[in-house]
Amino acid sequence: MSTTGPRPRGALERQVLACLAVADHPLTVAEVLTDLGGDLAYTTVMTTLTRLHDKGALVREQVGRAYTYAVAGDAQAMGSSVTAQRMRRLLEAGDDRAGVLTRFVAGLRPEDEQLLAELLAVTEHPEPR
Amino acid sequence: MSINALLAWPLIASAVLALTGPRLGRALPPAVAVRLLTAAALVSALAAGFALAVAAFAALAQIPFVSALGHWSVTVLDTGPQVSAPAGALAGATVTALALAAAMRALRGGRDLLTAALICRDLDAAGGGLVILDDEHPDAYALPGIRGRIVVSTAMLRALSADERRVLLAHEAAHLTRGHHLYIQLAELAAAANPLLRPVAHAIATAVERDADEIAAAEVADRRLAARALARAGLARASAPARLRALAGALGGADANVITRARALLAPPPPHQRILATLVTAMILATSAVSLATAKQTERRFETAQASYTRHT
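Keeping their order, the protein sequence lines are chains A and B. Quick note: the first sequence uses numbering that gives the first Met the number 0, first residue 0, plus one each step. Quick note: the second sequence uses numbering that gives the first Met the number 0, first residue 0, plus one each step.
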């Protein structure tokens with residue numbers, strides 16, 4: 000699906016990082032471009048990958064004439080265990096009162112699963128225009 | 000307007016806001032709802048607390064010992080609000096308890112925001128503030144801080160397509176750039192100071208999620224895609240292990256329900272509702288004006304009472 004909205008720099012870095020984090024093998028620029036969608040230029044993706052590599056967020060390896068990129072190992076770690084503990088406390092605090100963390104999806108009721116499946120089916124059809 | 004009517008206004012305004020808040024939250028565009036409802040809740044809570052304090056003080060000042068201490072003429076004070084001693088005592092006890100509850104909520108909110116800011120500082124996030132947790136539980140949230148972070152688990156990323164991931168990331172980024180966590184904390188503070196406003200705080204929390212949804216839908220220029228991302232993320236969480244489902248059920252309640260949000264995205268973009276927004280703004284201004292008038296009247300009456308006391312002695 001082609002999307003036409005603007006992609007701010009930080010947003011593109013996040014998308015590239017998210018894409019590489021779930022890939023089961025290191026990806027080339029072309030593979031990242033295919034995953035992210037049609038409206039991006041090859042050079043834009045390449046620049047973003049290089050910038051993330053320079054910041055230490057990605058590791059790269061030369062395969063033939065191209066580089067393949069993967070998420071740097073420590074980028075996925077949760078810092079120190081103190082940080083992890085603090086985070087758990089904040090998340091638990093949000094369970095019974097309005098906390099400072101806002102989850103993407105919360106407030107699920109047991110009967111919601113069926114409704115969600117129906118909604119998903121509706122949204123997967125092409126938009127009637 | 001009589002002083003008793005002035006004192007009653009903030010309580011009536013709070014009750015009206017409590018009754019209409021959830022509906023206003025749904026009718027107004029989310030971005031407007033977040034700001035206006037938070038302002039309305041804060042002003043109503045402050046005004047109601049002030050009215051209770053004035054009522055309590057009026058009753059207190061009519062006790063001969065207190066009026067002598069303040070050099071106030073009781074005959075002049077009698078022209079003010081007619082608050083019986085028990086009613087005054089009740090108002091005083093209520094306003095003290097609510098002020099304490101609000102102070103405690105403010106401390107708790109401040110502490111949580113500080114903790115979040117400290118975690119942000121500790122989390123290494125080289126890629127546009129995104130922190131990816133290697134975790135089998137699908138989860139995603141925004142962590143506010145000086146430079147906030149977006150935290151997403153690998154399980155959540157795997158559940159979504161690249162397009163849908165873009166929606167999720169834009170939604171969480173919107174929370175951070177709009178400072179949504181501050182509105183939620185202020186709404187909670189207002190609800191602690193005036194429990195009548197509890198439904199309004201829920202409405203604000205819902206509007207915050209809707210606002211982030213609308214911003215994400217605008218960024219990908221596809222409302223249907225945004226709805227699909229929500230449904231997919233919801234299903235991923237719903238099919239997570241039972242332990243996690245129980246947790247998810249406790250979060251936020253049905254107010255910020257994902258079904259409602261997805262349906263809103265499948266509907267056309269929300270209309271401006273300028274008249275409704277103007278009405279709410281007028282209510283906020285009127286409540287502020289009433290509080291100022293109460294303060295002026297009360298000050299003037301006590302000054303007169305003091306002058307009269309001096310003349311008679």
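Glycine included, every Cβ here is placed at the ideal spot set by N, Cα and C. For clarity, every value in this text was computed on a predicted model and none was experimentally measured.
Taking a contact to mean a Cβ-Cβ separation below 7 Å, would you say residue i touches residue j in this structure?
i      : j      : result
B:R222 : B:A216 : yes
B:L97  : B:A192 : yes
B:H170 : B:A154 : no
B:G293 : B:L45  : According to the sequence shown, residue 293 of chain B is Thr rather than Gly. Contact: no.
B:P9   : B:P198 : no
A:T82  : B:D121 : yes
A:A65  : A:T33  : no
A:V21  : B:L156 : yes
B:D111 : A:V99  : yes
A:L35  : A:Q14  : yes
B:A189 : B:L196 : yes
B:Q272 : B:I2   : no
B:S13  : B:A54  : no
A:V71  : A:P25  : The amino acid at residue 71 of chain A is misidentified as Val; the sequence shows Ala. Cβ atoms of A:A71 and A:P25: not closer than 7 Å.
B:L117 : B:I149 : no
B:I258 : A:L114 : yes
B:I214 : B:A173 : yes
A:T47  : A:E12  : yes
A:T122 : B:A225 : no
A:L107 : B:A237 : yes
A:G55  : B:G127 : no
B:H176 : A:R85  : Per the sequence shown, the amino acid found at residue 176 of chain B is Thr instead of His. Going by C-beta atoms, B:T176 is not nearer than 7 Å to A:R85.
In terms of alpha-carbon separation, which member of the options lies closest to residue i?
i      : options                           : result
B:A105 : B:R157, B:A266 and B:L185         : B:L185
B:H180 : B:G91, B:L156 and B:L142          : B:L142
B:R25  : B:Q296, B:A285 and B:E208         : B:E208
B:D212 : A:E91, A:F103, A:L115 and A:E112  : A:F103
B:L306 : B:W71, B:V65 and B:A30            : In the sequence under discussion, the amino acid at residue 306 of chain B is Ala, which differs from the Leu named in the question. Nearest option by C-alpha distance: B:W71.
B:A92  : B:A125, B:A116 and B:A58          : B:A58
B:A7   : B:S43, B:D111 and B:T19           : B:S43
A:T49  : A:A10, A:T67 and A:T101           : A:T67
B:C119 : B:G147, B:P268 and B:T286         : B:G147
B:Y182 : B:A30, B:A17 and B:V15            : B:A30
B:Y138 : B:R260, B:A158 and B:T297         : With the sequence shown as reference, residue 138 of chain B is identified as Asp, and Tyr is not the correct amino acid for it. Comparing Cα-Cα distances from B:D138 to each of B:R260, B:A158 and B:T297, the minimum goes to B:A158.
B:L18  : B:A228, B:I145 and B:A200         : B:A200
B:A52  : B:T286, B:V94 and B:V150          : B:V94
B:P321 : B:L224, B:P28 and B:A225          : Only positions 0 to 312 of chain B appear in this structure, which leaves residue 321 of chain B out of reach.
B:S83  : B:A60, B:V219 and B:E298          : B:A60
B:R260 : B:P63, B:E298, B:A67 and B:A202   : B:A202
B:S287 : B:A50, B:R262 and B:L23           : B:A50
A:L19  : B:L23, B:S160 and B:L16           : B:S160
B:E187 : B:R107, B:T74, B:V65 and B:A239   : B:R107
B:A32  : B:A86, B:V289, B:A232 and B:A204  : B:A204
B:P85  : B:A100, B:F56 and B:V219          : B:F56
B:R34  : B:T74, B:G178, B:S152 and B:V151  : B:G178
B:A235 : A:E117, A:L118, A:H124 and A:E112 : A:E112
B:R300 : B:A67, B:V65 and B:V73            : B:V73
- Item | Cβ contact (3+ pairs, closer than 8 Å) linking the stretch 278-293 of chain B and the stretch 28-38 of chain B | yes
- What are the uninterrupted segments assigned as alpha helix (DSSP H) that are 4 or more residues long and contained completely in the stretch 61-139 of chain B, given in chain order? 63-68, 73-76 and 84-121
- Residues of the stretch 165-188 of chain B with a CB closer than 8 Å to any CB of chain A: list them in chain order, please. R165, L167, L168, A169, H170, E171, A172, H174, H179, H180, I183, Q184, A186 and E187
- Query: Is the stretch 78-87 of chain B touching the stretch 158-174 of chain B in the sense that three or more CB pairs, one from each, lie closer than 8 Å?
  - Reply: no
- Answer yes if the stretch 60-68 of chain A comes into contact with the stretch 120-136 of chain B, meaning at least three C-beta pairs across the two stretches below 8 Å, and no otherwise. no
- Residues in the stretch 214-232 of chain B with C-beta within 8 Å of chain A's C-beta atoms, listed in sequence order? A217, E218, V219, A220, D221, R223, L224, A226, R227, L229, A230, R231 and A232
- Compile a chain-ordered list of the residues in the stretch 39-64 of chain A whose CB is closer than 7 Å to at least one CB of chain B. L51, K54, G55 and A56
- Got a sec: which bits of the stretch 17-33 of chain A sit with their beta carbon under 7 Å from any beta carbon on chain B, in order along the chain? A17, C18, A20 and V21
- Task: Go through the stretch 143-188 of chain B residue by residue and report every complete run of the alpha helix (DSSP H) that reaches 4 residues or more, in order.
- Result: 153-158 and 161-177
- Between the stretch 62-77 of chain B and chain A, which residues of the former have CB atoms less than 7 Å from a CB of the latter, in chain order? none
- Message: Tell me which residues of the stretch 145-158 of chain B have at least one Cβ-Cβ distance to chain A shorter than 9 Å, keeping chain order.
- Response: I149, V150, V151, T153, M155, L156 and R157
- Query: Can you list, in chain order, the stretches of the beta strand (DSSP E) that have 3 or more residues and sit fully within the stretch 27-106 of chain A?
  - Reply: 57-62 and 65-70
- Task: Select from the stretch 300-312 of chain B all residues with a C-beta closer than 9 Å to any C-beta belonging to chain A, and list them in chain order.
- Result: none
- Note down, one range per segment and in chain order, each alpha helix (DSSP H) of at least 4 residues found wholly within the stretch 253-298 of chain B. 257-265
- Of all the residues that make up the stretch 102-114 of chain B, which are near chain A by a beta-carbon distance shorter than 8 Å? G108, D111, L112 and T114
- Task: Report the residues of the stretch 22-33 of chain B with a CB closer than 8 Å to any CB of chain A, ordered along the chain.
- Result: none
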